[in-house]
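A quick write-up on the structure given underneath.
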Amino acid sequence: MMQQAIKLGYNELYLLGCDLDWHVLEGDEDTNHFDRAYEANLEIHTEDRAKFNNELGKAMHDLIAKWYKANGIWVFNATVG
55 MMQQAIKLGY
65 NELYLLGCDL
75 DWHVLEGDED
85 TNHFDRAYEA
95 NLEIHTEDRA
105 KFNNELGKAM
115 HDLIAKWYKA
125 NGIWVFNATV
135 G
């Protein structure tokens with residue numbers, strides 16, 4: 055969606071809900087999604103996967119911010135906290 059926004063001519067992007075706060079599941083409770091049907095395979099949520107998702111997400115945010123800033127596009131994190 056970010057690429058599409060740039061193609062449409064936007065030069066400021068506000069990210070909401072990209073907070074890099076992936077949690078390990080406790081039992082069957084998935085606190086990572088607002089809709090329980092979103093993630094069907096609950097047993098794949100391990101501590102390693104949570105760490106990987108958070109680290110990969112941060113690396114992608116850093117890469118996007120670096121490229122966009124160099125091209126005059128601003129990305130803002132609008133997630134609470």
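This note's numbering puts the first residue of the sequence shown at 55, with every later residue one more than the last. For glycine and all other residues, C-beta sits at the position ideal for the given N, C-alpha and C.
Output needed for residue i: all residues of its chain with C-beta closer than 7 Å, excluding positions within five of it in sequence on either side, in chain order.
{"i": "A119", "result": "V129"}
{"i": "A124", "result": "none"}
{"i": "G126", "result": "N65"}
{"i": "Y71", "result": "Just to set this straight, residue 71 is Gly in the shown sequence, not Tyr. Excluding positions up to five away in sequence, the list reads T133."}
Just verifying my parser: in three-state terms, what is the DSSP assignment at residue i?
{"i": "N107", "result": "helix"}
{"i": "Y64", "result": "coil"}
{"i": "L74", "result": "coil"}
Note down, in chain order, each residue of its chain lying with its Cβ closer than 6 Å to the Cβ of residue i, except the 5 sequence neighbours on either side.
{"i": "L74", "result": "N108, G111, K112"}
Which residues in the same chain have their Cβ closer than 8 Å to the Cβ of residue i, if we skip the five residues on either side of it in sequence?
{"i": "A59", "result": "L67"}
Under 7 Å, do residue i and residue j count as touching if we go by C-beta distance?
{"i": "N131", "j": "L62", "result": "no"}
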